[in-house]
Amino acid sequence: MSERKRLHRDEPARVGPLRDFSKLYRRPDSVNGTNPAKPVRPDAPRKDRIGGPLAEGVELAYSVIEKYIAEGRRTAEGISNQPYTTRAATDNLQDILERVLRFQAEILPLWIETLATLVRVDPSRNGFAAVADAWPRANGGQNTETMAASIEVVSLRPVQVSVELRPNTKDQSLVALSLNAVDSRKPALTDISFVPDEARGRVKLRIRIPESQPPGTYSGVIVHRDSGETRGTLSIRIAD
Amino acid sequence: MSGTTSTLVPSMLREYGDVTRAALTKYLPSREPRRYLYDLLSDYPQRGGKMMRPSMCIAATRLYGASLEDAMHTAVAIELLHNALLIHDDIEDASEKRRGLPTLHVLHGVPLALNAGDTLTLMSLRPLIDNRSRIGERLTLRIIEETERMARECAEGQAMELGWRRYNATDIGDADYLEMVLKKTCWLATIYPVRVGALIGSRDSVNLDPFVRYGFFLGAAFQIQDDLLNLVGDDGYGKEINGDLWEGKRTLMLIHAIRESTTEERRRLSRLLSRPREARTLVQVTWVRKLMDKYGCTEYARKIAHGLAGAALHEYSLLSAGLPDSRDKSFLEQMVTWVIERN
Numbered sequence: 019m020s021e022r023k024r025l026h027r028d029e030p031a032r033v034g035p036l037r038d039f040s041k042l043y044r045r046p047d048s049v050n051g052t053n054p055a056k057p058v059r060p061d062a063p064r065k066d067r068i069g070g071p072l073a074e075g076v077e078l079a080y081s082v083i084e085k086y087i088a089e090g091r092r093t094a095e096g097i098s099n100q101p102y103t104t105r106a107a108t109d110n111l112q113d114i115l116e117r118v119l120r121f122q123a124e125i126l127p128l129w130i131e132t133l134a135t136l137v138r139v140d141p142s143r144n145g146f147a148a149v150a151d152a153w154p155r156a157n158g159g160q161n162t163e164t165m166a167a168s169i170e171v172v173s174l175r176p177v178q179v180s181v182e183l184r185p186n187t188k189d190q191s192l193v194a195l196s197l198n199a200v201d202s203r204k205p206a207l208t209d210i211s212f213v214p215d216e217a218r219g220r221v222k223l224r225i226r227i228p229e230s231q232p233p234g235t236y237s238g239v240i241v242h243r244d245s246g247e248t249r250g251t252l253s254i255r256i257a258d
Numbered sequence: 103m104s105g106t107t108s109t110l111v112p113s114m115l116r117e118y119g120d121v122t123r124a125a126l127t128k129y130l131p132s133r134e135p136r137r138y139l140y141d142l143l144s145d146y147p148q149r150g151g152k153m154m155r156p157s158m159c160i161a162a163t164r165l166y167g168a169s170l171e172d173a174m175h176t177a178v179a180i181e182l183l184h185n186a187l188l189i190h191d192d193i194e195d196a197s198e199k200r201r202g203l204p205t206l207h208v209l210h211g212v213p214l215a216l217n218a219g220d221t222l223t224l225m226s227l228r229p230l231i232d233n234r235s236r237i238g239e240r241l242t243l244r245i246i247e248e249t250e251r252m253a254r255e256c257a258e259g260q261a262m263e264l265g266w267r268r269y270n271a272t273d274i275g276d277a278d279y280l281e282m283v284l285k286k287t288c289w290l291a292t293i294y295p296v297r298v299g300a301l302i303g304s305r306d307s308v309n310l311d312p313f314v315r316y317g318f319f320l321g322a323a324f325q326i327q328d329d330l331l332n333l334v335g336d337d338g339y340g341k342e343i344n345g346d347l348w349e350g351k352r353t354l355m356l357i358h359a360i361r362e363s364t365t366e367e368r369r370r371l372s373r374l375l376s377r378p379r380e381a382r383t384l385v386q387v388t389w390v391r392k393l394m395d396k397y398g399c400t401e402y403a404r405k406i407a408h409g410l411a412g413a414a415l416h417e418y419s420l421l422s423a424g425l426p427d428s429r430d431k432s433f434l435e436q437m438v439t440w441v442i443e444r445n
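Here's what the structure looks like:
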């Protein structure tokens with residue numbers, strides 16, 4: 019065993035827990051823009067600042083960008099009362115549902131437009147039109163045949179309807195199950211049916227909204243009458 | 103990860119630059135009035151350029167697994183707008199050279215160049231609108247929102263710099279400079295390309311704030327290096343050497359020189375900077391350059407640029423953590439080293 023005396027390093031002074039790695043290189047008072055760092059006086063006497071131009075520059079730059087982001091966040095929140103981040107909070111089921119509906123609302127006009135175009139092109143088809151997929155398949159797959167349907171809504175209030183049917187849904191044996199709101203206290207919408215539209219030679223989706231139905235978003239599935247297999251989704255948003 | 107700094111960045115800039123340039127030419131009309139308008143629009147794009155902005159947009163899109171085609175319209179719009187703003191910048195700065203050739207207003211006069219810049223700005227809207235057919239209306243609108251913000255930031259930054267020169271501001275600090283660069287340079291050069299790229303690639307499902315930090319540190323390092331090259335660049339630099347001194351541009355080096363100068367030197371500098379470009383003499387510009395050497399201004403700015411590059415790498419490691427390794431991931435990381443090593 020060596021005769022030399024062992025060297026011991028002093029215990030480092032405890033300064034507080036460091037729970038976020040991302041703050042390692044940031045100013046301690048700069049917490050992701052929510053508590054912006056105070057800008058360093060650019061023309062402060064050099065002796066008051068340590069680390070040379072490189073460290074000073076980085077410190078100064080962090081103070082500029084954190085202050086900027088914090089200001090941007092405050093401005094955005096003042097304008098829209100929404101978080102600065104452009105992304106909606108995803109821990110709220112209602113928010114997710116609303117985003118899905120917004121997306122569907124974009125698809126529906128295109129879907130209907132596509133149907134109308136194809137019906138005009140080939141009016142000899144009786145009952146079902148060959149429908150080109152409005153959206154390219156991710157894998158470059160072939161277009162498929164999908165059923166054409168009219169939508170009839172009976173409601174005293176403005177409603178927004180979103181329908182999405184799976185490709186190859188081409189027969190009339192469809193049933194829409196009741197549509198439910200996220201809030202279970204709201205009654206389900208049940209008066210929904212697919213009926214033949216003799217005049218136009220296609221099926222019609224008929225939806226009746228009771229006068230007393232609370233406003234909100236109601237969603238449900240469309241299934242095949244015989245197999246019970248899900249063939250699509252239906253969402254209705256009732257305005258106040 | 104693949105490739106090294108010396109090969110990966112230039113090769114990907116070439117690769118993405120070529121496809122962007124090919125797509126961009128489809129947006130440049132070849133009809134009359136060619137001589138007075140459309141020939142002018144295609145002048146700067148045909149001179150080359152680094153294609154850094156569209157390449158970063160494409161890489162950020164692919165970083166999240168989306169395809170190059172998803173980013174193409176936006177990449178073209180970025181490059182069109184960049185060229186439009188170069189025309190305006192050259193007029194505002196009274197610059198004489200761009201990409202190794204006389205600037206557009208030197209060739210054709212200010213009115214025609216100004217009109218060409220305006221037209222190119224408006225024409226950059228078309229590819230953004232064309233995004234609808236590829237990525238849908240919602241993302242298209244989000245990108246237009248981002249574009250509006252970027253344009254506002256750029257205009258504010260440009261106004262700050264022009265205002266400092268117009269009213270001969272000599273009390274500017276490093277923080278003022280960084281804020282101006284954040285707005286004037288970083289938004290269009292780095293922040294906006296990676297933000298819209300990430301927006302497209304992730305289908306608007308990631309927080310874009312980290313891209314502001316990464317883009318800011320990268321863009322600021324880029325700008326400082328650009329300002330340094332204006333003083334020490336070689337023949338391949340493409341702009342007028344010492345042009346910033348002739349124009350009285352408030353660079354980090356000039357700000358440092360003003361700060362470190364004696365009272366008498368500062369008074370002389372202020373007098374010199376208050377004069378318009380055409381009233382400055384070679385003797386005066388040489389004196390300012392020597393003053394910068396006296397106070398180690400280029401070394402000071404170089405150190406800050408290196409520090410900012412380090413911060414950019416750090417922020418990038420945070421935002422890219424968890425994303426699979428790819429050429430695009432390496433490219434965006436190595437861009438940081440590339441911007442301060444280029445000459």
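These protein sequences, in sequence, are chains X and D. When you line the first sequence up against our numbering, it's residues 19 to 258, in that order. When you line the second sequence up against our numbering, it's residues 103 to 445, in that order. Every residue, glycine too, gets a C-beta built ideally from N, C-alpha and C. For clarity, every value in this text was computed on a predicted model and none was experimentally measured.
Beta carbon proximity, residue i to chain X, threshold 9 Å
| i | result |
| --- | --- |
| D:G299 | no |
| D:E281 | yes |
| D:A322 | yes |
| D:V438 | no |
| D:A413 | yes |
| D:D329 | no |
| D:R315 | yes |
| D:F433 | no |
| D:D276 | yes |
| D:D172 | no |
| D:D311 | yes |
| D:R425 | According to the sequence provided, residue 425 of chain D is Leu. The question's Arg does not apply to it. No - not a single Cβ of chain X is within 9 Å of the one on D:L425. |
| D:L115 | no |
| D:L284 | yes |
Chain D within 9 Å of residue i, Cβ atoms only
| i | result |
| --- | --- |
| X:P141 | At X:P141, the pLDDT of 34 sits below 50, so the modelled position is not reliable; the number obtained from the coordinates is stated separately. Cβ-Cβ to chain D under 9 Å: no for X:P141. |
| X:S81 | yes |
| X:E74 | yes |
| X:I87 | yes |
| X:R255 | no |
| X:S180 | no |
| X:P71 | yes |
| X:L174 | no |
| X:G51 | Legend: pLDDT at X:G51 = 37, less than 50; position of this residue unreliable, no value from coordinates given. |
| X:L252 | no |
| X:L78 | yes |
is_contact[residue i, chain C] using C-beta, thresh 9 Å
| i | result |
| --- | --- |
| X:G238 | The chain inventory of the structure shown lacks chain C, comprising the protein chains X and D. |
For residue i, the first and last residue of its enclosing alpha helix (DSSP H)
| i | result |
| --- | --- |
| D:R254 | E239 to R268 |
| D:P135 | No alpha helix (DSSP H) holds D:P135; DSSP gives it neither H nor E. |
| D:I302 | Y294 to G303 |
| D:L447 | The requested residue 447 of chain D is not part of the displayed model; chain D covers only 103 to 445. |
| X:I225 | Segment R220 to R226 is the beta strand (DSSP E) holding X:I225; no alpha helix (DSSP H) there. |
| X:V179 | Where X:V179 is concerned, there is no enclosing alpha helix (DSSP H), although the beta strand (DSSP E) it sits in stretches over V177 to L183. |
| X:V193 | No alpha helix (DSSP H) holds X:V193; the beta strand (DSSP E) holding it covers L192 to A194. |
| X:L197 | Run containing X:L197: none; DSSP gives neither H nor E here. |
| D:A162 | M154 to L165 |
Start and end residues, beta strand (DSSP E) containing residue i
| i | result |
| --- | --- |
| X:Y236 | G234 to H242 |
| X:L252 | T248 to I256 |
| D:R429 | Premise fails: D:R429 lies in the alpha helix (DSSP H), R429 to E443, not in any beta strand (DSSP E). |
| X:A206 | Counting along the chain, X:A206 falls outside any beta strand (DSSP E), and DSSP gives it neither H nor E. |
Option nearest residue i by Cα separation, candidates the options
| i | options | result |
| --- | --- | --- |
| D:V385 | D:L188, D:R370 and D:S226 | D:R370 |
| X:R218 | X:A199, X:V181, X:R243 and X:I169 | X:I169 |
| D:E117 | D:L170, D:V298, D:I245 and D:K405 | D:L170 |
| D:Y269 | D:L374, D:P312, D:G303 and D:E198 | D:L374 |
| D:L126 | D:Y294, D:A177 and D:S197 | D:A177 |
| D:C147 | D:M437, D:L183 and D:T365 | Note that residue 147 of chain D is Pro in the sequence shown, not Cys. When each option's Cα is compared against that of D:P147, the closest is D:L183. |
| D:M262 | D:L280, D:S372 and D:R251 | D:L280 |
| D:V438 | D:L425, D:D427, D:S428 and D:G409 | D:G409 |
| D:R251 | D:P295, D:G119, D:L264 and D:D145 | D:P295 |
Original post:
Just by C-beta distance, which residues in the region 390–410 of chain D are closer than 7 Å to chain X?
Top reply: Y402, K405, I406, H408, G409 and L410
Original post:
Quick check: the region 127–135 of chain D against the region 211–224 of chain X, are there 3 or more CB pairs under 8 Å?
Top reply: no
**OP:** Pull out every residue of the region 347–379 of chain D whose Cβ sits closer than 7 Å to any Cβ of chain X, in chain order.
**Re:** R361
Subject >> Inter-stretch contact at 8 Å, needing at least 3 Cβ pairs: the region 340–353 of chain D / the region 303–320 of chain D >> reply: no
Original post:
Is there contact here, the region 187–207 of chain X with the region 223–234 of chain X, by at least three beta-carbon pairs under 8 Å?
Top reply: yes
Original post:
Below 8 Å, can you find three or more Cβ-Cβ pairs linking the region 155–166 of chain D to the region 289–309 of chain D?
Top reply: yes
Subject >> Proximal residues, the region 212–240 of chain D versus chain X, C-beta separation under 7 Å >> reply: G238, E239 and R240
Subject >> Contact the region 303–310 of chain D vs the region 75–94 of chain X: 3+ CB pairs below 8 Å >> reply: no
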